[in-house]
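J.: Pasting in a structure now, in structure tokens, and then I'll have a few things to ask.
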Amino acid sequence: MRSIFSSATQEAERLHRLDTYFIIAALAVLLLVAALTVYYAIKYRDKGDGVEPEQTSSNLKLEAAMLVGPTLLVAAFFFLTIRTTQAILPPAGRLVPAVRIVGHQWWWEATYPGTNVVTANEIHLPVGQRLLIEGTSADVIHDWWLPAFGEKMDVIPGRLNHVWATIRAPGVYEGACNEFCGQQHAWMRIRVVAHTPADYARWLAAAGQPAAPPTGALAQAGGALFAHYACSSCHQIRGTAAHGHQGPDLTHFGSRRTMLAGLLENNPDNLSRWLTDPQAIKPGAHMPRFIFGRDSIRALTAYLTQLK
Amino acid sequence: MANTTVLVPEPARPLPGLSINSSQGLLQWISSVDHKQLGIMYLWMALLFMLVGGLEILLVRVQLAVPRNTFLSPEAYNQLFTMHGTTMIFFVAMPALFGFGIYFVPLMIGANEMAFPRLNALSLWLTLFGGSLMYFSFLAGGAPDAGWFNYAPLNQFNYSSSPGVDYYCAGLLLAGIGTITASINLVVTILRYRIPGMRFKDMPVFVWMMLLTACLVLASFPALNAALAMLLLDRQLHAHFFDVTGGGSAVLWQHLFWLFGHPEVYVLILPAFGIFSEIFAVFSRKPVFGYAFIVGSGIAIALLAFGVWVHHMLAVGLGNTVNGFFSASSMLIGIPTGIKIFNWLATMHGGSLRFTVAMRFAIAFLVEFTIGGLSGIAFAIVPIDLQLTDTYFVVAHIHYVFIGGTLFGLFAGLFYWFPKMSGRLLDERLSKWFFWLFVVGFNGTFLVQHVLGTLGMPRRVYTYPDLPGWGLLNMISTAGGFLMGAATLLLVYMLVTAIRRGPLAPADPWDAYTLEWATTSPPTLQNFDRVPPVRSARPWRDHKRPDDADHLKPGKKKGVHGK
Amino acid sequence: MHSPPSIWAQWHASPALLLLVAGLAAAYFGLSGGRWQARGGLYFTALGLLALVEASPLHYLGMHALFSAHMVVHIVVLLLCGPLLVLGLPPALPSTVARRLARFSGWLRGHTWLAWLAGVGIMWGLHVPAVFDASFGGLDAAFGLPALLPVVAMLLAGALFSWPLVGPTAEAHLHPLAGVVYLFSACVGCSLLGLLITFAPADTYQHYARAGWCGTPSLAPDFASNPWGLSLADDQQAAGLIMWVPCCFIYLGGCMYLVAKYFMADEGVAPPPAPPLRGRGAIRPLTLASVRLPSPAGEGPGVGLH
Amino acid sequence: MENRLLMKLVVATETLFFLALLLVFVYFSLGPGFRQQQLAALDWRTTGAFTLLLFASSFTYWRAEASYRQGAPGRLKGWLLATIGLGAVFLLGQAREFHGLFTRHIDLAANTFGTSFFTLTGFHGLHVLAGLLILSILTGLAFAGDYDRPTSSIFSAVGIYWHFVDIVWAVVFTVVYVLPHFMRV
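Here the protein sequences line up with chains A, Y, W and U, keeping their order.
If you read the first sequence in the working numbering, its first letter stands for residue 1, the second for the next number, and so on.
If you read the second sequence in the working numbering, its first letter stands for residue 1001, the second for the next number, and so on.
If you read the third sequence in the working numbering, its first letter stands for residue 2001, the second for the next number, and so on.
If you read the fourth sequence in the working numbering, its first letter stands for residue 3001, the second for the next number, and so on.
If you want it as structure tokens, here you go:
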């Protein structure tokens, strides 16, 4: 099970230490209270002798201890809070981020400053570097969080937030939108694919390429349909005339493992079901239901699947 | 009565409603301005809304029982969880706490009525009408679906175009005004209507906590009302307060909402603290330990409540400077809370504990609330908050606070005061069943949610992918929820049968300490004829044990608690 | 070029400040009849604090570079020094002085809002951007007298503000619980100002915007490095937050002091004046049975959970 | 005494309500272009004149209260009517100002200035209106002879409210109409 304790970044590792201190302290306090409660409940139960116990009502020394104990504990954690925050979330200054995230209802857009790469939901990052991840939103407030990466960030329209991540090992990390953002809040999941720097450079170069022209009659027909229908007014496929910005960039759609922000596996079946009736698959999604014929859907599916 | 007694002033003119013959049945209740009847109506209203809100969340739990469930549509799910949160906070917890307050504050301070009986009735009906208006939205095109916190810009017309959010605003505005008037009424009553001789430091802790709660309401609800008014203007007249594209600010809503919302947490918990303080004392057969510290920490909590709201917004990105300061103030609030917990433990220490159901809830509260309090500290630690906020860990935390604290307090108060209010006794055996069912169900539901949070399950999702462990933990949680539901039904059954044919209750069944037990069960329309003189915080005990009265203790002059 | 001097060497006591401290010390012994009296420690702690924050590098930093440091100075002078001076006043005063003070206390008790306004108003007044920037105008003028004006104003305001709570005439004190409300409302007043400063644009206070680390320092803070790496915006935010949060802790501390005082007060057996009886009602004895809601047959008397 | 305490509590909670609105106004006023719109849209002289009328109504109310205490029902009615008149003229002035702005297409939906300006001043206007209603009821009762003897605390309680409405306006007027002339930005 991947949890906040399976740290994948140095920042999360640092946080993990703080988590551990906190859990120990909290359990100690809980144990103290619970033990005293149970012990008193047993020891001081009514003996049925009708004798009223001694009517003690205060003890200043004891009260002072009650005041000082928690204060010391709190002070210690305040110190740890400040130290850890400074370590894991220093201000970004004017640094150019490694990746810029834009939350949409209900998918993630990622752009890579300095390149023309645009992708959605599956975000590729290199390991071993301290990455600045910047976030904002195109509509309502979303929240970017991968449990294994440590801290989260709200992405808010009109504001720019940031987090840092120094990923330690290649792999696939999952996360999700954590701020309630409407109907499909549940299906706004994040997949981060971490590569070695060399792999990452290769991926970046490939992702910067325009879409490969379709091969085969069916896919070519799909490409024509895509351009002809309203698809192109919302979606971008670099290298073609489709330059919409409402929906996810589909230039390399076929290379993604999942579709619809983690809702379904990306395969031709799911894709054609989605194109047939989007509102049945992901109710509320901003993709309208177009009345395509069966053939058109086959053609569009073939075209999009080819966009590796 | 043996001692000199104090005469209780009586209203010169009979109040409207009271002269109505009871053969008029319901009309007598509707027209009533008697604080006891109004208090009971608040409680019935809370129970009704609790059944509704509980049903809503059971539907939600069914939907979440298994991964990728399709029992509810996302639309329905969002409406249900929004209504659940709003209902439970504004129309269950607050009316119930105010119901106890309005019923027992006058009794505990030896008064015959609230300061403004008609205003008292108006408060109740405003609250009830607000709640009904919000529920009317189900018929008017869709309930609110943006969460009880209703964040901008999701609450804007572009993103939530059903009229639900408008009904949310209107309903909460009405209920909010009702709460404000009730609070004003309570403050005036407590400040001016105490029986002559009762000083502030002789007031029962519950009265203190209601006073603080009322002050908190007066200081925090204006922020909510302003925010709701602005939101209505945004939605109805196209203003731009929270509309980012029109120059407004999404974060502004959060500031206003949490400026209200955090004090609201203490509005919900302080009266419960008051109830527990009474119960720990009476069923330990001791005065509450550290009266001054319990009251003082209550005042500290009430004041600090206004300086910590930004900890709900640590992930918003206000900067490390802002977050650091609010981390400090939020952690501070743990100190007075800790003082209270340890003082209750010290009350039990050396006592003679009677395990009535009220006391059982109080003891269970000590542990459950500590869990909720400690997980709350986690959210004051900025980096941990940045991990856990908006996950199921928060859901677990708030329910340990609101159920383990507030609701247990309400149940404890109900079992403690039921004989006084109804003149009947509840079935002891069934009550214990209820206690165990509810406590087990509660922990079953929410303990596992801590784990779900650390596994990364976001809150407010209508479904989730089939990740390892998620399905099982959610299923446990749902089962626990149904256990709580069953317990609640048992409670309703117990209440109804006890009111119909429960054994008659004596005036003072628990050998208690405060003035509400100095009158009949149930109290007569005019609460008191005469009450014993108040010379300490336990006047009724002083009266019953004149030789061992608190004010006679060596070294303890009147009102001096502790040396 | 010379190497930048350390901040920690920037101790500057203006003659006016020394005069003020000396004058206040003399005033104490004048009032106390030359004797050291109870709580004198508080009075001189206040003087020490005043001298410390006004002459130390903190003050220098506040004047030349950091708004947040300046804010700390303000808060110490207003909320600590002022009240401590009042608390530390000698308890045994010459009878004429005592009478005058008692008369003043009595008058102020009737105009508590004036004291409140002094405490809150000075905060708001000094932080109106125009006033704030002007307060740096005569920094180098003779004897540092103009620079001391705001300090004296804050001391006076702080003393006046705390007078109804801890002034020398105990009979004229606010009820401790009313005092809590007094402090809380003042806290709201200061918090709002702190909130505004926190979220105001970074160039609201021209003095720091001009003299900041980025621009040409007009007032020659020639230590070249910013010790904490604070940006102008962060500095202003910190200043606002200091007024918002720690400042509230001081008010809260005051509240807790009052509450403790209230609970620990040993009032003897005589209760204080009873709260007034209800206006609507007349007191007369009644029997329990005289007023009772008619109840349905078979039910117990009174208002039950029907 | 309860009435006065009740009204003080109402005023306390209303103060916080207006503070919230005022803070939002000030927050938006820090935004770009706000001050220019403010200076262009608002005429402090005309509104200032109406402001004086509102302040005058506080004076007339104070006289009404004094007349009541002295047991002079005739003068009480006169001063009450004067108060209502002054308050009503103030409201008419506000209506005139709003109308003028509407004709220039400055309304709630125009921009953040319109949004926060109309909300702040509008809520104040509503409070004046509520005050006028209360005063009308009192005047009606006074004419019906209910207040011939000075035994009620009602006038002093309502007075707290009416003066509060005035003080709020003093603050609003300063922040909205006067301060922008003294700000640099």
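Quick reminder that beta carbons are idealized off the backbone N, C-alpha and C, glycines included.
With a threshold of 8 Å between beta carbons, is Met1210 (chain Y) in contact with chain U?
T.: No, its Cβ sits nowhere closer than 8 Å to a Cβ of chain U.
J.: Distance check for Gly2110 (chain W) and Leu3023 (chain U), CA to CA, integer angstroms please.
T.: Distance between the alpha carbons of Leu3023 (chain U) and Gly2110 (chain W) is about 31 Å.
J.: What does Gln1236 (chain Y) touch in chain A if you count any residue whose Cβ is under 9 Å from its own?
T.: Those within 9 Å of Gln1236 (chain Y) in chain A number zero; the least Cβ separation is about 20 Å.
J.: Going by Cα to Cα distance, which pick from Y:Trp1309, Y:Ser1220 and Y:Val1534 is closest to Pro1204 (chain Y)?
T.: Of the listed residues, the one whose Cα sits closest to Pro1204 (chain Y) is Y:Val1534.
J.: I need the DSSP call for Asn121 (chain A), collapsed to helix, strand or coil.
T.: Coil at Asn121 (chain A), not helix or strand.
J.: Quick one, which residues of the region 2184-2197 of chain W are near chain U if we go by CB-CB under 9 Å, in chain order?
T.: Listed by position, the residues of the region 2184-2197 of chain W near chain U (Cβ gap below 9 Å) are Ser2185, Val2188, Leu2192, Leu2195 and Leu2196.
J.: Look at the alpha carbon of Met1045 (chain Y) and the alpha carbon of Ala1223 (chain Y), and state the distance between them as a whole number of angstroms.
T.: Each residue's alpha carbon lies about 26 Å from the other.
J.: Can you say whether Gly150 (chain A) is buried or exposed, counting buried as having 16 or more other CB atoms within 10 angstroms of its CB?
T.: Flag for Gly150 (chain A) reads buried.
J.: Using only CA atoms, which one of W:Pro2246, W:Gln2010, W:Leu2126 and W:Leu2241 lies nearest to Thr1321 (chain Y)?
T.: When only C-alpha atoms are compared, the closest one is W:Leu2241.
J.: Check for me: the alpha helix (DSSP H) holding His3124 (chain U) runs from which residue to which?
T.: Its alpha helix (DSSP H) spans residues Thr3112 to Phe3143.
J.: Considering only DSSP beta bridges, list what His185 (chain A) is partnered with.
T.: DSSP, once it has assigned bridges, lists no residue as partnering His185 (chain A).
J.: Could you tell me whether the Cβ of Thr1356 (chain Y) comes closer than 8 Å to any Cβ of chain A?
T.: It does not; no Cβ of chain A falls within 8 Å.
J.: For the region 1169-1202 of chain Y, list every residue whose C-beta sits within 7 Å of some C-beta in chain U, in sequence order.
T.: Residues passing the 7 Å Cβ filter: Ile1180, Ile1184, Val1187, Val1188, Leu1191 and Arg1192.
J.: So which of Y:Leu1119, Y:Ala1175 and Y:Val1496 has the shortest CA-CA distance to Ser1132 (chain Y)?
T.: It is Y:Ala1175.
J.: I need the DSSP call for Leu1504 (chain Y), collapsed to helix, strand or coil.
T.: Correct three-state label for Leu1504 (chain Y): strand.
J.: Which class does Ala3040 (chain U) belong to by DSSP, given the choice of helix, strand or coil?
T.: Ala3040 (chain U) falls in the helix class under three-state DSSP.
J.: Provide the residue span of the alpha helix (DSSP H) that contains Tyr303 (chain A), from first to last.
T.: Per DSSP, Tyr303 (chain A) belongs to the alpha helix (DSSP H) from Arg294 to Gln306.
J.: Thr3119 (chain U): buried (16+ other C-beta within 10 angstroms of its C-beta) or exposed?
T.: With 16 or more other Cβ atoms within 10 Å, it is buried.
J.: By alpha-carbon positions, which one of W:Trp2163, W:Val2166, W:Leu2052 and W:Ile2122 ends up nearest to Leu2149 (chain W)?
T.: Comparing Cα positions, the closest option is W:Ile2122.
J.: Output, in chain order, the set of chain Y residues within a Cβ distance shorter than 8 Å of Ala2065 (chain W).
T.: Residues of chain Y passing the Cβ test: none, with the nearest at roughly 17 Å.
J.: Spatial neighbours of Val1187 (chain Y) within its chain, please: CB distance less than 8 Å, with the 5 preceding and 5 following residues excluded, ordered by chain position.
T.: For Val1187 (chain Y), where only same-chain residues beyond five positions count, the Cβ hits under 8 Å are Leu1211, Ala1214, Cys1215 and Leu1218.
J.: Report the neighbours of Val3026 (chain U) on chain W: residues whose CB is nearer than 7 Å to its CB, in chain order.
T.: Going along chain W in sequence order, the residues near Val3026 (chain U) (Cβ under 7 Å) are Leu2196.
J.: Does Gln236 (chain A) come out as helix, strand or coil in the three-state DSSP assignment?
T.: Strand at Gln236 (chain A).
J.: Is it buried or exposed for His2175 (chain W), if we count other Cβ within 10 angstroms and need 16 for buried?
T.: Classification of His2175 (chain W): exposed, given that the 10 Å Cβ count is below 16.
J.: At 7 Å on the CB atoms, spell out the chain A contacts of Gly1571 (chain Y), in chain order.
T.: Given that chain Y is displayed from residue 1001 to residue 1563, the structure contains no residue 1571 (chain Y) and the question cannot be resolved.
J.: Would you mind giving the Cβ-Cβ distance between Glu134 (chain A) and Pro90 (chain A), rounded to the nearest angstrom? I have them listed as a contact below 8 Å.
T.: At roughly 14 Å, the Cβ-Cβ gap does not stay under 8 Å, so Glu134 (chain A) and Pro90 (chain A) are not in contact.
J.: Could you check the C-alpha separation between Trp1417 (chain Y) and Leu1026 (chain Y) for me, to the nearest Å?
T.: Distance between the alpha carbons of Trp1417 (chain Y) and Leu1026 (chain Y) is about 23 Å.
J.: So which residues on chain U does Pro1222 (chain Y) lean against when the C-beta distance must stay under 9 Å?
T.: What Pro1222 (chain Y) touches in chain U: Thr3013, Glu3014, Thr3015, Leu3016, Phe3017, Phe3018, Leu3019 and Ala3020.
J.: Per DSSP, Met153 (chain A) is paired with what?
T.: Met153 (chain A) is bridged to A:Trp144.
J.: Any C-beta of chain W sitting closer than 8 Å to the C-beta of Leu3054 (chain U)?
T.: Closer than 8 Å: no.
J.: Return the residues of the region 38-50 of chain A that lie within a Cβ-Cβ distance of less than 8 Å from chain Y, sorted by chain order.
T.: Those would be Tyr40, Ala41, Tyr44, Arg45, Asp46 and Lys47, in chain order.
J.: Counting only beta-carbon atoms, is Ser1327 (chain Y) nearer than 8 Å to chain A?
T.: It does; some Cβ of chain A falls within 8 Å.
J.: Rank A:Ser296, A:Tyr21 and A:Glu265 by C-alpha distance to the C-alpha of Ile281 (chain A) and give the top, closest one.
T.: Out of A:Ser296, A:Tyr21 and A:Glu265, A:Glu265 has the C-alpha closest to the C-alpha of Ile281 (chain A).
J.: In chain W, which residues lie less than 9 Å from Leu3023 (chain U) when you measure between Cβ atoms?
T.: What Leu3023 (chain U) touches in chain W: Leu2192, Leu2195 and Leu2196.
J.: Identify the continuous alpha helix (DSSP H) that holds His16 (chain A) and give its terminal residues.
T.: Element bounds for His16 (chain A): Gln10 to Lys43.
J.: Count the other CB atoms, across all protein chains shown, that sit within 10 Å of the CB of Trp106 (chain A); report buried if there are 16 or more and exposed otherwise.
T.: Flag for Trp106 (chain A) reads buried.
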